[in-house]
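Inspection log for the structure reproduced underneath, given as structure tokens.
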Amino acid sequence: MFEDLTLLAMARRSMDWLTRRQEVLAENVANADTPKYQAKDLKALSFKNLFQAQGQQPLQAVVDNPMHIQPPVEKSPYQAEAEKAPGETKPNGNTVLLEDQMQKIGDVKNNYQLALNLLEKNIKMLETAVDKNG
138 MFEDLTLLAM
148 ARRSMDWLTR
158 RQEVLAENVA
168 NADTPKYQAK
178 DLKALSFKNL
188 FQAQGQQPLQ
198 AVVDNPMHIQ
208 PPVEKSPYQA
218 EAEKAPGETK
228 PNGNTVLLED
238 QMQKIGDVKN
248 NYQLALNLLE
258 KNIKMLETAV
268 DKNG
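So the sequence shown is numbered by the numbering used here: it starts at 138 and just counts up by one.
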């Protein structure tokens with residue numbers, strides 16, 4: 138019910154994008170010494186696209202026993218791309234700069250916290266609106 142509200146859906150999609158970006162940046166850091174590894178990042182999040190419905194069907198896990206619960210599994214609609222203009226390349230061909238990755242990880246943390254705070258405030262506002270005693 139609440140996931141259909143535009144603001145809450147937008148916050149959820151924004152947090153999904155930030156989560157996926159954090160995964161990509163962590164992969165970059167993990168491969169900082171891998172020869173010829175190209176640093177990756179996600180396309181910038183477009184707020185216009187946050188309001189549009191996601192056109193992809195979620196993937197479903199397959200269970201082999203009817204007594205098992207079938208968990209929902211969704212594929213991320215955000216795909217990592219090689220960074221277009223890395224600042225430097227190491228002699229082994231690696232383009233990961235740890236300083237840049239750490240800065241991006243900090244930005245993701247701050248933006249995720251902001252989205253979470255906005256989400257919490259809107260939920261509290263909804264609770265106040267439906268509170269019988271308030």
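Don't be surprised by glycine CBs; every beta carbon is placed ideally from N, CA and C.
When the alpha-carbon of residue 249 is set against those of 162, 154 and 144, the nearest one is in 154.
Straight across, the Cα-Cα distance linking residue 165 with residue 180 is about 15 Å. Inclusion of residue 233 and residue 163 in the CB contact set at 8 Å is not warranted, their separation being larger than that value. Taking 8 Å as the cut-off, the beta carbon of residue 252 is found no closer than this to the beta carbon of residue 183.
In the three-state DSSP reduction, residue 182 falls in the coil class, being neither helix nor strand. Here residue 160 carries a helix assignment [DSSP, helix/strand/coil]. Remark: C-beta atoms of residue 156 and residue 231 do not approach each other more closely than 8 Å.
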